[in-house]
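Number of protein chains: 2
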Amino acid sequence: MLKKITEEMTKAGSIAILPHIAADGDAIGSSVALAIGLSEAGKEVSVLLEEKVPQIYNFLPGIEMARVYDADDRKYDLAVALDCGDLDRLGSRRPVFDKTPVTVNIDHHPTNTGFAMLDLVDPSCAAVAEIIFALFRQMGIVPGKDAAICLYTAIASDTGGFRYSNTTYVTHIIASELIKTGIDVAEISRRIFDTVSPAKVRLMGEAINSLELYEDGRIAVMTVSNAAMRRSGASDEDTDGIINIARNISGVEAAAMIREMENGDIKVNLRSNSYVDVSQAASKYSGGGHRRAAGFTVSGTDMGKVMEMLLEDLRGML
Amino acid sequence: MLKKITEEMTKAGSIAILPHIAADGDAIGSSVALAIGLSEAGKEVSVLLEEKVPQIYNFLPGIEMARVYDADDRKYDLAVALDCGDLDRLGSRRPVFDKTPVTVNIDHHPTNTGFAMLDLVDPSCAAVAEIIFALFRQMGIVPGKDAAICLYTAIASDTGGFRYSNTTYVTHIIASELIKTGIDVAEISRRIFDTVSPAKVRLMGEAINSLELYEDGRIAVMTVSNAAMRRSGASDEDTDGIINIARNISGVEAAAMIREMENGDIKVNLRSNSYVDVSQAASKYSGGGHRRAAGFTVSGTDMGKVMEMLLEDLRGML
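Same order as they appear, the protein sequences are chains Y and P.
If you count the first sequence from 1, you need to add 80 to reach the numbering used here.
If you count the second sequence from 1, you need to add 80 to reach the numbering used here.
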């Protein structure tokens, strides 16, 4: 399939690259890296996004090749859906894909539906960037420093900095090759991992202030009220990952973040470290998730009552 | 030198491994990995520590070969100082080194004083674990899963999870080889990076509560009083890294943590991100450090006054 895609890309004059909606580090980094490589090979390339580039990825060299799709009528010889498990992940850009004569699907989700003329799906890859690296090899494209920065960013993002279980020995071999181009690993890491908005830091403080430990420190619960959200100036997006503060406390097995939403609903995030199946607790309240990460939303109650119910559930599972 | 050390280790029957005082992930991980390798090669090996193993490294396989040195009279054929820049880093264990007939110094500090009969110092290595990996190659020792867990822990610790500027392409090649043994990267990463004591989390909350931004958010200052330390139940050790909360805020160039010590002294930690030379500010108060990380301690004043002086200094450097 690598060979077939190489053939088609070599034939094409203009190429559209379409990462998934709400593009993350792998989607954007891999798209821009591919755009750099194909541009250098003489192609006219556009990366078409659903939303504007998240601030954090503006440092990527070549990011100027990415723009928000504005429903224009431009035609391309070839379109690549990148990091999209299915066609819905293209959002409003689906017409671009539908009307392009040659379509390619490059992805690593095991659930990929195989929706293109040419499907290159490898779930063993931690990031789509690993597939782009292989494609470059096949096409005879040697990634320079700019493409390497994009690919490294993509891989570091999707592996949590080589920490998640998707990290393989191949991931490190590719990182090694990318570093040989002279990229500044410390600077990239600082940009993607160590930059937090003032509002998020204040939200972390609010969450920690609310922290309560139960059952000899095996259960940790944080509550975030509407008032706390307002005081910190945090947005919904800023609540991402806050639950990990509770989960990462030594001795904690089950962690919960109980959050009051603007409409009065109560949203609960649950995490566990070793043996508690938090999806069981979540499903009791029509929520979902898996053993180590789950959640649910309830209406017509308050944070105190939810906390009481939840503690009873979690205590029973220790 | 690798070859010479291999020869001497092959001849030796009993070997003492001495990591530096206040041993960290690299010192302990590399020591235990070397102990595992040498034990499997039929040697009698002891890892002698200055202090007991920090809780966080108790999961390392082979850690039972490490014990706190109790000034016993045992004799060894060969002693290895590991990750020690000079002999002072051996603390109370210096007599062990002095009375052993063959001494080896394995280190990566550029300032290493070359204090042993056989000095193997490579400052290009991100961690001593990289040197141990090379030594194993030379000795024909193939690291199994247990030694690999120790070496991976050592490398991940000293590179901040492959994020610091000391990370090279060789670091990733070695990580790749270690992963091939089947180690659980996610579990190790969770243990070394994502485990925080309840007291430290509370201290983070106290520090965030005190956070003030100045000069359009380019200066961030946190203050930690004795009362805050008591409320959180935190120890001195828990203050490690707290300054990064301030430094990592988007838009911040210079960050300070002002801390009241038990004896009334005021200790200041300084960090910068891109251009402010915080060592200049520190040297004004007889402190030290380098451009991006520095600190100083002053007596006979209070946190408010220190904050005022420091803000004036930092404003002048923006």
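All residues carry an ideal CB built from backbone N, CA and C; glycine is no exception.
All values reported here derive from a predicted model rather than from experimental measurement.
Per DSSP, ASN324(Y) is one residue of the alpha helix (DSSP H) stretching across 323-327. For the stretch 229-259 of chain Y, the beta-carbon criterion of a distance under 7 Å to any beta-carbon of chain P is satisfied by GLY241, PHE242, ARG243, TYR244, SER245, THR247, THR248, TYR249, HIS252, ILE253, ALA255, SER256 and ILE259. Distance from ASP106(Y) to SER237(Y) at the Cβ level is roughly 5 Å; contact confirmed, criterion being Cβ atoms closer than 8 Å.
Residue contact with chain P for ASN289(Y): present (Cβ-Cβ distance below 8 Å to some residue of chain P).
Taking a contact to require three or more Cβ pairs closer than 8 Å, the stretch 241-251 of chain P and the stretch 203-215 of chain P qualify as touching.
Secondary structure note for LEU129(Y): its beta strand (DSSP E) is the uninterrupted segment 124-129. Rounded to the nearest whole angstrom, the CA to CA distance from ILE338(Y) to TYR294(Y) is 15 Å.
DSSP, reduced to helix, strand and coil, places LEU398(Y) outside both helices and strands of the structure shown, so it counts as coil.
Annotation for SER290(P): MET302 and THR303 place their beta carbon closer than 6 Å to its own, counting only its chain and skipping 5 residues before and after.
Flagged as an interface residue toward chain P: ASN328(Y), by a C-beta distance shorter than 8 Å. Scanning its chain for C-beta atoms nearer than 7 Å, with the 5 sequence neighbours on each side dropped, one finds around ASN306(Y) the residues GLU340 and GLU342, in chain order. One alpha carbon belongs to MET81(P), the other to THR239(Y), and they sit about 37 Å apart. GLY297(Y) belongs to the set of residues whose beta carbon lies under 8 Å from a beta carbon in chain P. Between GLU88(Y) and the set ASN185(Y), ALA103(Y) and GLN135(Y), the nearest pair of CA atoms involves ASN185(Y). GLU392(Y) and GLN360(Y) have their C-alpha atoms some 13 Å from each other. In the structure shown, ASN289(P) falls within a helical segment according to DSSP collapsed to helix, strand and coil.
In this structure, the beta-carbon distance from LEU231(P) to PHE242(P) does not fall below 8 Å.
For THR275(P), the neighbours in chain Y by C-beta distance under 7 Å run, in chain order, ASN328 and SER330.
Between the C-alpha atoms of ASP226(P) and ILE116(P) there is a straight-line separation of about 8 Å. At a C-beta separation below 7 Å, ALA266(P) has these neighbours in chain Y: ARG243, TYR244 and SER245. Taking the Cα positions, VAL356(P) is about 7 Å away from GLU333(P).
Between the beta-carbon of ALA308(P) and that of THR261(P) there is about 44 Å, and that puts the pair past the 8 Å contact cut. According to the DSSP secondary-structure assignment, ARG173(Y) is paired through a beta bridge with no residue.
The beta carbon of TYR365(Y) is closer than 6 Å to those of PHE376 and VAL378 in its chain, skipping five residues each way along the sequence. For ILE85(Y), no beta strand (DSSP E) segment is defined; the enclosing uninterrupted segment is the alpha helix (DSSP H) at 82-91. Close partners of MET309(Y) in chain P (Cβ separation under 8 Å) are lacking, with about 15 Å as the shortest Cβ gap.
Under the 8 Å criterion on CB atoms, VAL281(P) is classed as interfacial with respect to chain Y. Only exposed fits SER354(P), as fewer than 16 other CB atoms lie within 10 angstroms of its CB. In the structure shown, the three-state DSSP call for LEU140(Y) is coil. Shown here, MET302(Y) sits in a strand according to DSSP, grouped into three states. Under the Cβ criterion (8 Å, minimum of three pairs), the stretch 186-205 of chain Y counts as touching the stretch 153-165 of chain Y. VAL281(P) is positioned such that its CB atom lies closer than 8 Å to that of ILE288(Y). The beta carbon of LEU128(P) lies closer than 6 Å to those of ALA96, LEU98, TYR149 and ARG173 in the same chain, with the five residues before and after it left out. Inter-residue distance for LYS385(Y) and SER352(Y) is about 21 Å (C-alpha atoms, whole angstroms). Where ILE259(Y) is concerned, the enclosing alpha helix (DSSP H) starts and stops at 249-259. Contact annotation: ILE329(P) and SER256(Y) have beta-carbon atoms that are not nearer than 8 Å.
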